[in-house]
Amino acid sequence: MTAGLAVASHAPPFPAIDWSRPWFADVAAAGQAASSADDWRAGLCRAAASRGITTAAGLPLRFVPQSALPCGESYEAFIAATGCVPTRDNLHDFFNALIWLTFPRAKAALNARQAAAIAADGIGATRGSLRDAATLFDENAALFVTADPALADALRGFDWSTLFLARRQAWGRATEVAGFGHALLEKLVTPYKSVTAHAWIVPVDRAYFEWPRSERCAWLDAQLTRALAHAPFTSHDFAPLPVLGVPGWCQDNDAPEFYADTAVFRPGRRRRVAAC
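What the sequence shown shows, in my numbering, is residues 139 to 414, in sequence order.
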């Protein structure tokens with residue numbers, strides 16, 4: 139290095155992440171690769187290009203600085219029109235990029251749906267029910283993947299005892315959770331007991347749990363794409379899921395008393411929850 143000259147650092151400007159945490163399983167490889175690149179945003183772009191990721195309109199996906207977003211233009215409409223994702227120097231946008239790399243078709247479908255709603259209704263003081271639901275999905279969704287309808291019923295019915303204790307052995311064999319919302323993953327960098335996701339139920343065959351992780355992600359991506367591209371949905375189509383209750387996600391939940399905290403594992407009324 140030449141004496142007296144400083145070398146610009148392009149390392150991610152946020153804390154180190156423990157990629158071994160179970161909730162990062164689907165994004166860990168991409169996250170580690172991007173965060174170790176000389177320029178993390180360029181690393182994300184290279185990863186997108188190598189995977190051939192595009193928007194719903196077929197535009198190659200790129201991650202650009204936030205300053206690329208024109209003043210007054212909608213974020214979602216800009217992505218749909220250009221293929222460029224404005225990406226700030228923070229954890230929130232970093233995880234958003236990792237979800238694009240992990241579930242690219244679903245993210246593209248979600249973006250197209252939001253952009254179409256903006257084109258039809260404009261940007262007002264309120265988003266409307268579709269955009270509200272799409273935003274919840276984008277920011278805070280967890281995919282509750284299950285081959286057992288009784289476990290989906292337990293989730294819908296706030297039956298935490300059945301879901302997490304009586305049927306504990308079903309986790310990893312007949313049900314699992316995958317993170318989708320980038321704000322959810324951001325919270326889980328420094329997890330706390332009350333972190334709660336908006337769970338979206340995805341029914342599967344039991345054979346799903348025998349597939350490698352990469353095949354599960356690809357299947358979920360395709361399934362979500364169909365649901366997000368066309369199906370009507372609202373914010374009422376999610377179920378609350380305190381994610382640190384997931385067996386294996388928190389050592390403290392090995393003790394049944396963990397679930398006795400009704401401030402986190404709240405009782406509630408059974409409600410309609412959509413499924414793919």
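Note that the Cβ used here is the ideal one computed from N, Cα and C, for glycine as well.
- Ranking 367, 170, 288 and 395 by CA distance to the CA of residue 269 puts 367 first.
- Secondary structure at residue 181: helix, using DSSP grouped into helix, strand and coil.
- When only Cα atoms are considered, residue 193 and residue 216 end up about 11 Å apart.
- For residue 221, the closest alpha carbon among the candidates 186, 241, 232 and 240 is that of 186.
- Looking at 360, 352, 378 and 330, the one whose alpha-carbon comes closest to that of residue 390 is 330.
- Taking the Cβ atoms as the reference, residue 357 lies roughly 15 Å from residue 282, outside the contact range of under 8 Å.
- Of the residues assessed, residue 209 falls on the exposed side of the cut-off, its CB having fewer than 16 other CB atoms within 10 angstroms.
- Burial check for residue 190: the Cβ neighbour count within 10 Å stays below 16, so the residue is exposed.
- Residue 172 is a Cβ neighbour of residue 232, given a cutoff of 9 Å.
- The Cβ-Cβ distance between residue 405 and residue 296 falls below 9 Å.
- In the structure shown, the three-state DSSP call for residue 342 is coil.
- The C-beta distance from residue 163 to residue 351 rounds to 7 Å, short enough to meet the 8 Å contact threshold.
- By the CB criterion at 9 Å, residue 318 and residue 237 fall inside the cutoff.
- Per DSSP, residue 224 is one residue of the beta strand (DSSP E) stretching across 222–224.
- Judged by their CB atoms, residue 327 and residue 387 are not nearer to each other than the 9 Å cut-off.
- Judged by DSSP in its simplified three-state form, residue 200 adopts strand.
- Within its own chain, the residues whose Cβ lies closer than 8 Å to the Cβ of residue 397, once the five positions on either side in sequence are excluded, are 298, 299, 302, 303, 383, 391 and 403, listed in chain order.
- Ranked by how close their Cα comes to the Cα of residue 278, the residues 334, 286 and 205 have 334 in first place.
- Secondary structure of residue 287 (DSSP, three-state): helix.
- CA-to-CA, the gap between residue 225 and residue 180 works out to about 11 Å.
- Annotated three-state conformation of residue 317 is strand, per DSSP.
- A straight-line Cα-Cα distance of about 24 Å links residue 206 and residue 259.
- Excluding five sequence positions before and after residue 288, none of the CB atoms of its chain fall closer than 6 Å to its own CB.
- Under DSSP, the beta-bridge partners assigned to residue 309 are 313.
- For residue 379, the uninterrupted beta strand (DSSP E) segment begins and ends at 377–380.
- Selection 188, 256, 219 and 230 evaluated against residue 321 yields 230 as nearest (Cα-Cα).
- Around the beta carbon of residue 344, a 10 Å sphere encloses fewer than 16 other beta carbons of the protein chains shown; the residue is thus reported as exposed.
- Residue 156 sits exposed, since fewer than 16 C-beta atoms from the chains shown fall within 10 Å of its C-beta.
- Remark: C-beta atoms of residue 161 and residue 323 approach each other more closely than 9 Å.
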